[in-house]
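Q: Read in order, the letters of the sequence shown are residues -27 to -1, 1 to 86 in mature numbering (1 follows the signal peptide of the UniProt record, and there is no 0).
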Amino acid sequence: MLRRQALRAAGTALAACALPLACAAQAPDLNLAILAGNCVTCHGPGGQPPAGSAIPALRGQSSAALLERMQAFRAGQVADATVMPLLMQGYDAAQMQALADWFAAPQALADRP
Ligand code: HEC
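#1: Given a threshold of 16 other Cβ atoms within 10 Å of its Cβ, counted over all protein chains shown, does PRO79 qualify as buried or as exposed?
#2: Does the Cβ of ALA(-4) have 16 or more other Cβ atoms within 10 Å, making it buried, or fewer, making it exposed?
#3: Report the three-state DSSP secondary structure of ALA35 (helix, strand or coil).
#4: May I ask whether a heavy atom of the ligand HEC can be found less than 7 angstroms away from the beta carbon of ARG42?
#5: How long is the line joining the alpha carbons of ILE28 and PRO22, rounded to whole angstroms?
#6: How many Å lie between MET61 and ARG47 at the Cα?
#7: Anyone know if the C-beta pair for SER31 and GLY49 falls short of 8 angstroms?
#8: For my contact list, ALA77 and GLN34 are in at a C-beta cut-off of 8 angstroms; report their separation, rounded to the angstrom.
#9: Where does THR14 fall in DSSP's three states?
#10: Could you have a look at GLY49 and say whether DSSP puts it in helix, strand or coil?
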């Protein structure tokens, strides 16, 4: 909980490394807490935005559905999109797959940013 608040306050996931165990458990080149921290600033903690938000929830969607959307944004195939097409240019295929898995995992809301 403290960790989640710290992430929101900082606006990035850099604070995730304040917990050494959380960082040590992740591969240095695919630190999901840092990657996902860039998403939860808009999509809400664990991918669940506040009620009434115009930003869609990532929580509750399957990994396959999330990945498909991310790939479509990256390829410029979502006509009415605003920020996501540009944002997805910064993520490679492995990172998108990892993010899709991470937001689809049921435990993400409880113990992750
Ligand atoms: C600046 C705010 C912002 C950030 C940061 C952001 N998103 Fe989004 N996201 C949006 C908006 C707004 C939409 C609706 C599509 C659009 O307008 O581009 C969206 C849509 C999506 C969708 C489609 C959901 C659906 O049900 O249609 C996915 C998947 C998604 N984002 C994943 C991510 C991931 C993964 C990250 C982090 C790498 C991320 N987003 C970061 C604002 C953001």
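For each residue, glycine too, the CB sits at the ideal point set by N, CA and C.
A: Quick look at the numbers:
#1: The residue you call residue 79 lines up with position 106 of the sequence shown. It counts as exposed.
#2: Here residue -4 refers to the residue found at position 24 when the sequence shown is read from its first residue. Low local confidence applies: a pLDDT of 47 at ALA(-4) is under 50, so the model's placement there is unreliable, and no value is given.
#3: Position 62 of the sequence shown holds residue 35. Note that residue 35 corresponds to Ser in the displayed sequence, not to Ala. DSSP places SER35 in coil when its eight states are reduced to three.
#4: Against the sequence shown, residue 42 aligns to sequence position 69. At least one heavy atom of the ligand HEC is nearer than 7 angstroms to the Cβ of ARG42, so yes.
#5: In the sequence shown, the residue the question calls residue 28 occupies position 55. In the sequence shown, the residue the question calls residue 22 occupies position 49. Cα to Cα, the separation comes out at about 7 angstroms.
#6: One-based indexing of the sequence shown puts residue 61 at position 88. One-based indexing of the sequence shown puts residue 47 at position 74. Looking at the two C-alpha atoms, the distance is approximately 5 angstroms.
#7: The count along the sequence shown starts at 1 and reaches residue 31 at position 58. The count along the sequence shown starts at 1 and reaches residue 49 at position 76. Strictly speaking, residue 31 in this sequence is Leu, with Ser absent from that position. Going by C-beta atoms, LEU31 is not nearer than 8 angstroms to GLY49.
#8: Walking along the sequence shown from the start, residue 77 turns up at place 104. Walking along the sequence shown from the start, residue 34 turns up at place 61. Confirmed, about 6 angstroms.
#9: Working through the sequence shown from its first residue, we reach residue 14 at position 41. Note: THR14 maps to helix in three-state DSSP.
#10: Counting from one through the sequence shown, the residue named residue 49 turns up at place 76. DSSP places GLY49 in coil when its eight states are reduced to three.
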